[in-house]
Amino acid sequence: QVRVDTDNTGLKLTLYQYQTCPFCCKVRAVLDYHGFSYDVIEVNSITKKQLKWSAYPKVPVLVVESPGSGKEVVLRDSSVIISAIESYLSDRSTSLEKYVTFYPCDTEVISGKKKYDFPNKYFIMYQEAQDLATTPQERSEERKWRRWADDHLVHMLSPNAYRTASEALQSFHYFSHVGEWEKNFSFVERQVVIYAGAFVMYIMGKILKSKYKLKDDVRQSLYEACDEWAKVVRQGKQPFLGGSQPNLADLAVYGVLNSIEGCSAFDDALRNTKIGPWYRRTKEAIVQHQGSHPLNTKATPSDVKKEIPKK
Numbered sequence: 001q002v003r004v005d006t007d008n009t010g011l012k013l014t015l016y017q018y019q020t021c022p023f024c025c026k027v028r029a030v031l032d033y034h035g036f037s038y039d040v041i042e043v044n045s046i047t048k049k050q051l052k053w054s055a056y057p058k059v060p061v062l063v064v065e066s067p068g069s070g071k072e073v074v075l076r077d078s079s080v081i082i083s084a085i086e087s088y089l090s091d092r093s094t095s096l097e098k099y100v101t102f103y104p105c106d107t108e109v110i111s112g113k114k115k116y117d118f119p120n121k122y123f124i125m126y127q128e129a130q131d132l133a134t135t136p137q138e139r140s141e142e143r144k145w146r147r148w149a150d151d152h153l154v155h156m157l158s159p160n161a162y163r164t165a166s167e168a169l170q171s172f173h174y175f176s177h178v179g180e181w182e183k184n185f186s187f188v189e190r191q192v193v194i195y196a197g198a199f200v201m202y203i204m205g206k207i208l209k210s211k212y213k214l215k216d217d218v219r220q221s222l223y224e225a226c227d228e229w230a231k232v233v234r235q236g237k238q239p240f241l242g243g244s245q246p247n248l249a250d251l252a253v254y255g256v257l258n259s260i261e262g263c264s265a266f267d268d269a270l271r272n273t274k275i276g277p278w279y280r281r282t283k284e285a286i287v288q289h290q291g292s293h294p295l296n297t298k299a300t301p302s303d304v305k306k307e308i309p310k311k
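Take the sequence shown: its position 37, counting from 1, is numbered 37 in full-length UniProt numbering, and each next residue is one higher.
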């Protein structure tokens with residue numbers, strides 16, 4: 001359970017997650033930055049028995065119960081969850097249930113496997129009369145780097161966290177510790193996940209290295225991605241891409257990297273790139289719930305107007 005005194009939304013949030021999944025880490029970064037209280041249910045990555053009720057097979061899943069309604073809204077896909085939450089914070093006069101309808105899911109079966117796509121997932125749904133604090137260019141830049149975190153940076157993780165068999169096992173022991181698997185799973189379940197998971201991900205790391213055309217020394221690909229982000233932040237001459245405070249791109253990149261904090265790959269990245277100062281600033285902003293002020297503001301009712309993505 002995560003409890004924050006500044007949260008007066010009355011929303012009951014339950015996050016189904018893997019503790020060290022980069023997409024789950026992104027969602028937690030946003031919830032923590034904004035000072036939400038929420039419950040966490042750790043999902044067994046092999047059996048997924050905690051998600052048997054859901055037809056959507058992936059984490060994170062966020063279940064939201066609004067005050068007084070008794071209705072539960074289920075949000076799927078990390079970027080949809082983040083955009084819907086941010087839209088709700090921009091004007092709480094519109095229900096979160098309504099905002100979720102602006103993120104339709106397209107499904108397609110490819111090679112016998114169902115694929116899910118949410119075309120609007122990087123768009124914040126602003127209100128018609130809202131006085132926006134950001135320009136269209138800034139919002140476009142934020143979307144660009146949120147997408148970069150999902151489509152590029154995240155692919156650096158597995159080949160680096162599981163670069164060798166020993167690093168893969170070390171990573172899974174670390175994941176067991178930070179995920180408190182001893183509280184959530186039996187001894188046998190825990191050992192199966194650690195050793196089977198380490199073996200599978202060691203092999204997957206090699207496959208993903210080839211698929212995403214990483215360098216022979218995969219650390220160099222990770223370093224280049226970290227320095228690419230650090231350079232973009234420095235060019236803005238502000239502490240964050242979002243300026244004086246992190247925006248959703250800052251939180252997304254942080255969340256992806258936070259998923260391997262404690263692994264050798266993360267330590268190497270901090271030593272060999274310029275991303276460290278930004279990462280520490282962002283972590284401080286999240287831990288201190290520096291974005292919690294929207295939870296204490298009241299909105300004026302208005303009609304919903306979507307910021308329509310350009311074709």
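Glycine included, each C-beta is placed from N, C-alpha and C at the ideal position.
Outcome for residue i when other beta-carbon atoms lying within 10 angstroms are tallied against a minimum of 16
i, result
"H34", "buried"
"Q235", "exposed"
"L222", "buried"
"G197", "buried"
"D267", "exposed"
"Q1", "exposed"
"D150", "buried"
"S186", "exposed"
"H289", "buried"
"I85", "buried"
"V140", "Note on identity: in this sequence residue 140 is Ser, with Val being the wrong assignment. Exposed, since its Cβ has fewer than 16 Cβ neighbours within 10 Å."
"G205", "buried"
"W53", "exposed"
"E142", "buried"
"S69", "exposed"
"L132", "exposed"
"S111", "exposed"
Rounded Cβ spacing between residue i and residue j (contact assumed at less than 8 angstroms)
i, j, result
"T20", "S259", "5 angstroms"
"A230", "T282", "At roughly 12 angstroms, the Cβ-Cβ gap does not stay under 8 angstroms, so A230 and T282 are not in contact."
"F240", "V233", "7 angstroms"
"E97", "K71", "7 angstroms"
"V109", "P22", "About 26 angstroms separates the two Cβ atoms, so there is no contact after all."
Own chain, CB closer than 7 angstroms to residue i, minus 5 neighbours either side, in chain order
i, result
"R146", "S79, Y122, L248, A249 and A252"
"V218", "P159, N160, R163 and K209"
"I81", "V27, P60, L62 and L75"
"H173", "I194"
"T300", "Residue placement at T300 is poorly supported in this model, since its pLDDT is 32, which falls under 50; the coordinates are not used for a value here."
"R3", "S37"
"S87", "Y99, I124 and M125"
"H152", "A225"
"I207", "none"
"Q238", "S244"
Cβ-Cβ distance between residue i and residue j below 8 angstroms
i, j, result
"C263", "S171", "yes"
"Q245", "G291", "yes"
"L15", "V40", "yes"
"S66", "Q127", "no"
"G255", "C25", "yes"
"I286", "A55", "no"
"L31", "V64", "no"
"A168", "Y212", "no"
6 angstroms Cβ shell around residue i - same chain, five flanking residues per side excluded
i, result
"Q137", "none"
"residue 315", "The displayed coordinates of the chain run from 1 to 311. Any statement about residue 315 would go beyond what the structure contains."
"L214", "P159 and S221"
"A265", "N160 and A161"
"M156", "S221, L222 and A225"
"W181", "R190"
Contacting residues, own chain, Cβ-Cβ under 8 angstroms from residue i (five flanking each side not counted)
i, result
"Q50", "Y16, I41, E42, V43 and N44"
"L270", "G276 and Y279"
"D106", "Y116, D117, F118 and P119"
"V192", "I46"
Closer than 7 angstroms: residue i CB and nearest the ligand GDP heavy atom
i, result
"I194", "Ligands displayed in this structure: none; no statement on the ligand GDP is therefore possible."
Residue-level contact to chain D via CB, residue i, 8 angstroms cutoff
i, result
"S87", "Reference to chain D is not applicable here, since this structure consists of a single protein chain."
Worksheet item: Would you call the stretch 42–51 and the stretch 69–83 touching, i.e. three or more CB-CB distances under 8 angstroms?
Response: no
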